[in-house]
Amino acid sequence: MALNLIMLGPPGAGKGTQAERFARSRAIPKISTGDMLREAVKAGTEIGLRAKAIMDRGELVGDDVITGIVKERLDQPDARRGFILDGFPRTVAQAMALDTLMNGRDPLIVVDIAVPEAELVRRLSSRRVCRDCGTNADAGATAAAGAGDERCGKCGGRLEQRSDDTEAVVLERLKVYRRDTQPLVDYYRPRPTFRSVNGAQSADGVAADLAAEIEAVSGAGR
Ligand code: AMP
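Counting from 1, position 163 in the sequence shown corresponds to residue 247 in this note's numbering; the numbering is continuous, with no gaps.
This is the structure in structure tokens:
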């Protein structure tokens with residue numbers, strides 16, 4: 085059975101970090117729409133150019149554009165054996181589109197990582213990510229090289245603040261989350277493959293809870 089996972093949760097809940105760890109441990113691709121958009125921005129593609137302004141305001145890219153990107157990615161051969169989606173879906177319209185894309189595939193397992201809002205603001209405004217590979221400092225083991233020149237433990241790239249992690253944009257992203265994305269929890273909650281884990285603990289603690297929940301759900305479906 086393919087492990088088809090969605091990671092839900094507010095910005096700063098640790099979705100990216102956890103998705104990265106879990107994907108590596110199960111050898112399935114982590115599909116992060118935020119990472120794909122940031123790559124498009126860096127590459128200067130048409131989608132990237134249009135997305136940049138939207139992302140820098142903390143708003144959401146249009147449902148059709150993002151659903152198209154995800155459809156193409158899920159059609160790649162490596163995603164047939166399973167995948168973990170990070171940052172998608174983010175609206176009920178995207179969730180409905182994803183349900184259509186899932187026709188003929190194994191059921192989605194949905195895990196929500198819950199974290200109180202005050203903790204999110206603190207985490208996001210101190211977060212550092214690698215300029216080159218996008219890995220979070222705490223996920224990729226920071227290699228220190230003196231103050232002001234922190235390097236990524238994975239690729240050696242410079243660590244910096246994401247342009248949408250400034251306090252004003254963080255507050256807007258949390259507002260957009262509450263309005264557009266939180267309703268997804270109610271959309272998925274009735275499903276037997278929905279689980280919620282406590283994200284207000286160490287990354288190792290979240291990873292352990294997550295693995296246990298996913299094991300319980302996927303085991304029940306076998
Ligand atoms: P993330 O890295 O997941 O926090 O995403 C960064 C930004 O990319 C978001 O604030 C949105 O502007 C955009 N984005 C990422 N995923 C989506 C999505 N599924 N739908 C719409 N916009 C998205």
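Where is the CB? At the ideal position from N, CA and C, for every residue including glycine.
None of these values were measured; they are calculated from a predicted model.
Bounding residues of the beta strand (DSSP E) (the contiguous stretch that carries residue i)
i	result
R207	That residue, R207, is in no beta strand (DSSP E); its alpha helix (DSSP H) goes E201 to S210.
K114	K114 to S116
V281	F278 to N282
F106	Segment K99 to R110 is the alpha helix (DSSP H) holding F106; no beta strand (DSSP E) there.
Rounded straight-line distance, which links the Cα of residue j to that of residue i
i	j	result
D270	R212	31 angstroms
P113	E156	14 angstroms
A221	M180	33 angstroms
E256	G171	16 angstroms
G142	A252	9 angstroms
S209	P161	37 angstroms
L182	V145	16 angstroms
G128	I153	16 angstroms
R275	L92	14 angstroms
R165	L87	7 angstroms
Under 8 angstroms between C-beta atoms of residue i and residue j
i	j	result
D248	T175	no
L89	I150	no
V199	P267	no
T277	V194	yes
G241	D216	yes
A97	G283	yes
F106	L294	yes
R279	E297	yes
Min CB distance residue i to chain C below 8 angstroms
i	result
R212	Here chain C cannot be found, since the structure has a single protein chain.
Bounding residues of the alpha helix (DSSP H) (the contiguous stretch that carries residue i)
i	result
A221	From DSSP, A221 is part of no alpha helix (DSSP H); its letter is neither H nor E.
D183	V176 to L185
Check: On the three-pair Cβ rule with 8 angstroms, is the stretch 188-201 touching the stretch 134-141?
Finding: Taking a cut-off of 8 angstroms for Cβ pairs, the stretch 188-201 and the stretch 134-141 do not touch, as fewer than three such pairs fall below it.
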